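Residue numbers (our numbering): 5 to 244.
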Amino acid sequence: MSTPQGPTLRELAVQALSSVEHGYDLLADKFDATSFRTSDRLLEAVTRTLEPLGPFDTGLDVCCGTGAGLGVLRSVCAGRVTGVDFSAGMLAGARRAHPDADLVRADALALPFAPAFDLAVSFGAFGHFLPDDQRTLFSQVHSSLRPGGTFAFPLPAPPAVGSRSYWALWGFDAAMRVRNAVRRPPFVMYYRTFRLTDVRTRLEEAGFGVSLVPVEPLGRREDGSPRCRLVVARKGGARF
Ligand SMILES: C[S@@+](CC[C@H](N)C(=O)[O-])C[C@H]1O[C@@H](n2cnc3c(N)ncnc32)[C@H](O)[C@@H]1O
């Protein structure tokens, strides 16, 4: 999960024993050296997949962290780009990496925006939102988009049941549930609470029309299905 420049195991443990917001403040300076930061390979692949769906004007990166998705927005949006996150430490990293972006400190469950954006993206943050909060998050993003605006995010195919990755994610979620049963404040971070069928239903309940676009640069699995899909949710219901 970490490189020699990244946090030590002890630092990661202290982070996981904090609230989500404070935990990211503690991790912020070393975050880009962890595997929690979305990889450049995925960001590049999403950029290639988004390009033909544009043009886009203004862009919003929801839970932007140190700004991984701001570079994607910069590539596909002609207008201003904005990042929103509730961790001041992570926003400071985003400010260093993207001095020209607008950065806003706010809870994604109470976004402070008028319906001003053409495109919203989000990377690597949905595990922090339990199902009810996902509904709130999606309706907050919906309210921040102009009519016809697009909310897009990558959703990797789940690992095969019984595979090593399957058990790794299962074990991580189980450890988090034990941690949250015995310790306050909770650190909400689960890998297995964001399944395509549920996500699609929750997006549609929020007023989006949903399409799935294969992220072709990331290739296909042995059965021919894409390794990763871009979920493309359109405000107003129209589909790509
Ligand atoms: C794993 S990091 C991902 C950061 C970045 N998007 C990336 O892909 O590298 C998750 C981010 O979500 C933010 N976050 C989690 N819950 C949030 C909430 N309710 N409101 C705003 N930001 C939130 C955290 O502060 C953190 O910066």
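Backbone N, C-alpha and C define an ideal beta-carbon position, used for all residues, glycine too.
All values derive from a computational prediction rather than experimental measurement.
For residue i, tell me which candidate among the options has the shortest Cα-Cα distance.
i    : options                : result
T201 : P189, V192, V214, P190 : V214
P230 : S169, P218, V236, R238 : P218
F155 : T70, H102, D65, V192   : D65
T70  : E209, K34, S143        : K34
E209 : M193, A49, A237        : A237
V145 : F117, A164, H132, P163 : F117
M94  : H102, C68, A114, D111  : C68
D106 : P119, R78, F212        : R78
L134 : V85, L216, V203        : V203
For residue i, count the other beta carbons within 10 Å of its own beta carbon; 16 or more makes it buried, fewer makes it exposed. Which is it?
i    : result
G166 : exposed
D104 : exposed
S148 : buried
P11  : buried
R233 : buried
V186 : exposed
R168 : exposed
D44  : exposed
D136 : exposed
G73  : buried
R41  : buried
L47  : buried
A32  : buried
Q9   : exposed
A129 : buried
D29  : buried
A179 : exposed
V182 : exposed
L141 : buried
L115 : buried
Can you list, in chain order, the residues of its chain whose CB lies under 6 Å from that of residue i, leaving out five sequence neighbours each side?
i    : result
G240 : P151, G152
F139 : The sequence shown places Arg at residue 139, not Phe. Excluding sequence neighbours, R139 sits near R206.
V108 : V88
S6   : Since pLDDT at S6 reaches only 49, below the 50 mark, its modelled position is unreliable, and the value read off the structure follows with that caveat. Counting only Cβ-Cβ distances below 6 Å, and skipping sequence neighbours, we find T38.
P221 : A49, R52
P163 : S169, Y170
F198 : F130
Whose C-beta lies closer than 7 Å to the C-beta of residue i among residues of the same chain, with five residues either side of it excluded?
i    : result
E226 : none
G223 : R231
P189 : S23
D177 : Y194, Y195, R196
D61  : C81, A82, G83, D122
H132 : V24, V192, M193
P119 : S147, S148, L149, R150
S143 : A210
Can you name the residues that DSSP bridges to residue i?
i    : result
V236 : A156, S215
G87  : D65, L107
F176 : Its beta-bridge partners do not exist; DSSP assigns none.
P230 : R224
A124 : L64, F155
Whose C-beta lies closer than 8 Å to the C-beta of residue i among residues of the same chain, with five residues either side of it excluded?
i    : result
G228 : none
D1   : In the structure as shown, the chain starts at 5 and stops at 244, and residue 1 therefore has no counterpart that could be examined.
Flag this pair as touching only if the segment 113 to 125 and the segment 159 to 175 have three or more C-beta atom pairs under 8 Å; answer yes or no.
no
Touching or not, the segment 169 to 180 and the segment 83 to 90, by the rule of three or more beta carbon pairs under 8 Å?
no
State whether the segment 43 to 57 contacts the segment 95 to 103, with contact taken as three or more CB pairs (one from each stretch) at a distance under 8 Å.
no
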